[in-house]
Every structure is written in structure tokens, then in C-alpha cells.
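>
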Amino acid sequence: MPGFQYFVGSSLDGFIATADDRLDWLLQFDGFEGGEESYNAFMADVGAVVMGGETYAWLRNHESDWPYPGIPCWVFTHHELAAPAGSDITFVRGPVTEFAEDLRRDAGSRNVWVVGGGVLAAQFADTGLLTELIVSVVPVVLGSGKPLLPLARPTAPLELLGCRAMGRGVVELRYRLG
């Protein structure tokens with residue numbers, strides 16, 4: 033059954049960005065062996081994406097083209113934002129549970145990718161909506177930054193679905209939340 037998946041890159045010490053939203057530590061690994069194949073296989077089963085306003089702003093500031101053409105995108109934000117021409121973006125505010133069925137409807141028979149950030153992914157996890165965590169652990173230690181999954185409370189033990197070593201020391205871990 034389709035679910036909500038958090039597919040993300042993380043430093044070895046559990047951060048997805050620096051405190052000032054920099055990703056240069058992660059982007060230096062672009063093109064590592066197995067990375068593109070993993071991303072393409074994941075995207076083949078994505079029917080909708082959801083992200084927070086900060087992630088959306090970062091994408092708009094760092095990508096020349098909208099990276100998810102033809103895929104419905106939902107952005108949780110408290111700000112008035114503009115969508116790029118030709119994109120299918122819905123801006124919302126409120127609890128993630130309020131929009132879960134709309135996201136599932138847009139995704140059809142595919143999954144919803146919780147793109148990020150960690151705070152939004154934690155909201156999906158805290159409400160029991162997040163079904164999978166797929167994290168590529170990058171061999172960099174940041175020491176501080178934006179946490180991978182800043183939950184309100186600890187989870188039950190996660191079920192390991194897969195683990196694979198990829199190029200340049202990156203390890204992809206796939207867990208079912210339960």
C-alpha cells in the first residue's frame with residue numbers, strides 16, 4: 033500500500049543541513065556510485081511530494097528549474113509564496129493530518145515523498161503517518177545543524193528493510209516505521 037516516505041541525505045551525526053541551511057557538505061558527494069540509480073528507483077514510485085516552506089525556498093534559490101515537473105507538490109508554509117510557471121503546487125498551513133488524504137489522493141497508487149525538512153518529516157512521524165525512512169548517511173560529521181528527525185518523542189524500534197553501501201562511503205538505510 034502506498035505510504036509517506038522520507039528519503040533524505042544525512043551527515044553521520046544526524047543532520048540534514050547546517051544551522052544556516054547550507055548543503056555544500058552534502059553536494060560535494062553528487063555523482064557517487066549508486067546514488068543516481070537509488071534516486072531514480074525511488075522517484076519511479078513517487079506520486080506526490082510534500083515539503084516545508086524553508087525547503088521550498090531553498091529549492092527556488094538554488095535550482096534554475098523546478099525539480100518536480102508533472103508531480104503534484106504540497107508546501108506547508110506560513111508565508112505567501114509564488115509557484116514557478118507550469119508547476120502543480122498547493123500551499124497549505126495547518127496540521128499534516130488535515131491534508132493526509134488529499135496527499136494520498138494526489139499520489140494515486142504511488143507514494144508521497146516527504147522531501148523535508150526534518151521538522152515537517154517529524155510531524156508526519158509523530159502523527160503515525162510516516163511509513164518509511166530512507167536515509168543516505170554521508171561520511172561527514174557536522175557537529176550541529178538541522179536534525180534529521182526532531183521528534184516530539186522516541187519511536188518504537190524501526191524495522192530495517194535494507195542496507196547498502198554505495199560509492200564514496202555513503203550508506204543507504206531503509207526502515208519501516210511502525
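The sequence shown begins at 33 in our numbering and counts up one residue at a time.
We put the CB at the ideal spot given by N, CA and C, even for glycine.
(1) Using 10 angstroms around the beta-carbon of glutamate 112, count the other beta-carbons present and answer buried if the total reaches 16, otherwise exposed.
(2) The alpha helix (DSSP H) with threonine 87 in it runs from where to where?
(3) Skipping 5 residues on each side, what residues in its chain have a beta carbon closer than 6 Å to that of valine 202?
(4) Got a sec? Which residues, its chain only, sit under 6 Å from cysteine 105 by beta carbon, not counting five neighbours each side?
(5) Shortest alpha-carbon distance to glycine 35 belongs to which of Asp77, Ala51, Gln60, Gly67?
(6) When the Cα of glycine 79 is compared with those of Val144, Leu183, Leu161, which residue comes out closest?
(7) Between the stretch 170-184 and the stretch 133-140, can you find at least three pairs of beta-carbon atoms closer than 8 Å?
(8) Excluding the 5 residues preceding and the 5 following methionine 75 in the sequence, name in chain order all residues of the same chain whose CB lies nearer than 6 Å to its CB.
(9) Between which two residues does the beta strand (DSSP E) containing leucine 192 stretch?
(10) Spatial neighbours of valine 151 within its chain, please: CB distance less than 7 Å, with the 5 preceding and 5 following residues excluded, ordered by chain position.
(11) Please state the DSSP three-state secondary structure of glutamate 164.
(12) Considering only C-alpha positions, which residue in the set Leu161, Leu162, Gly118, Val107 is nearest to arginine 125?
Reading it off the structure:
(1) Label assigned to glutamate 112: exposed.
(2) Note, threonine 87: alpha helix (DSSP H), 85-94.
(3) The beta carbon of valine 202 is closer than 6 Å to those of Phe64, Ser168, Val170 in its chain, skipping five residues each way along the sequence.
(4) Short of 6 Å from the beta carbon of cysteine 105, and not among the five residues preceding or following it, lie these beta carbons of its own chain, in chain order: Val81, Ile121.
(5) Residue Asp77 is the option with its Cα nearest to glycine 35.
(6) Comparing Cα-Cα distances from glycine 79 to each of Val144, Leu183, Leu161, the minimum goes to Val144.
(7) Judged by Cβ distances under 8 Å, the stretch 133-140 makes no contact with the stretch 170-184, as fewer than three pairs qualify.
(8) Within its own chain, no residue has a Cβ closer than 6 Å to the Cβ of methionine 75 once the five positions on either side in sequence are excluded.
(9) Where leucine 192 is concerned, the enclosing beta strand (DSSP E) starts and stops at 191-197.
(10) Answer for valine 151: Gly84, Pro182, listed in chain order.
(11) DSSP, read as helix, strand or coil, puts glutamate 164 in strand.
(12) With distances taken between Cα atoms, arginine 125 lies closest to Val107.
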